[in-house]
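Structure, as structure tokens:
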Amino acid sequence: MPFVHEDQAVVHEIHGARFVSYVRPATGSRELAAWRGEIPAGTVTPEHVISAEEIFYVLAGRIRLAIDGETAELAVGDAASAPAGATLALTNPTGEPAHFWVTTRVGLSAVLPDGSTITPPWAN
Numbered sequence: 001m002p003f004v005h006e007d008q009a010v011v012h013e014i015h016g017a018r019f020v021s022y023v024r025p026a027t028g029s030r031e032l033a034a035w036r037g038e039i040p041a042g043t044v045t046p047e048h049v050i051s052a053e054e055i056f057y058v059l060a061g062r063i064r065l066a067i068d069g070e071t072a073e074l075a076v077g078d079a080a081s082a083p084a085g086a087t088l089a090l091t092n093p094t095g096e097p098a099h100f101w102v103t104t105r106v107g108l109s110a111v112l113p114d115g116s117t118i119t120p121p122w123a124n
């Protein structure tokens, strides 16, 4: 299925954020996964270590992204690349929701501060 329409996207919610999954194996992708992240105003996501590179592109609002201890505020049109093995944290420091696009490889997992591992369904 090379085309995925908005009404076919699957919504997942975790850690106060929403992940709207478009591209994944269930929609025909073999190598890449892509989703729209939505993070409400003031939300702080838990720090986590990612197993695969992730590319971020801000669609609306502003996010504060920390990658291996280096932090930047990103606005509409800004992008960032987090390498595999990086420690990642995302915050919305504003009073408005933020939306961003993320692309990674299929099979992504993340290790949380308590040592547990999640395999997000929006990337697998």
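By full-length UniProt numbering, the letter at position 120 of the sequence shown is numbered 120, and the numbering carries on one by one without gaps.
Glycine residues also receive a C-beta, built at the ideal position from the N, C-alpha and C atoms.
Going by DSSP in three states, residue i sits in which element: helix, strand or coil?
i      : result
Ala123 : helix
Glu73  : strand
Thr27  : helix
Thr45  : coil
DSSP puts residue i in a beta bridge; with which residues?
i      : result
Val106 : DSSP output for Val106 lists no bridge partner at all.
Ser21  : Val10, Trp35
Thr117 : Val111
Leu59  : None, per the DSSP bridge assignment.
Ala89  : Ala66
Tell me which same chain residues have a C-beta within less than 6 Å of the C-beta of residue i, skipping the five on either side of it?
i     : result
Ala34 : Tyr22, Val23, Thr103
Pro93 : Arg64
By Cβ distance, which residues of its chain are closer than 7 Å to residue i, with the 5 residues on each side in sequence left out?
i           : result
residue 130 : Only positions 1 to 124 of the chain appear in this structure, which leaves residue 130 out of reach.
Ala75       : Val58, Arg62
Pro113      : Pro46, Glu47
Ile14       : none
Quick one: measure Cβ to Cβ for residue i and residue j, integer angstroms, because I've assumed they're closer than 8 Å.
i     : j      : result
His5  : Trp122 : No, His5 and Trp122 are not in contact; Cβ-Cβ is about 17 Å, not under 8 Å.
Gly37 : Ala17  : 6 Å
(request) Tell me, please, whether the stretch 113-124 touches the stretch 65-77 by the rule of three or more beta-carbon pairs shorter than 8 Å. (result) no
- Three or more C-beta pairs closer than 8 Å, one from the stretch 40-55 and one from the stretch 19-27: is that the case here? no
Is there contact here, the stretch 99-106 with the stretch 49-63, by at least three beta-carbon pairs under 8 Å?
-> In this structure the stretch 99-106 lies against the stretch 49-63, because at least three pairs of beta carbons, one per stretch, are closer than 8 Å.
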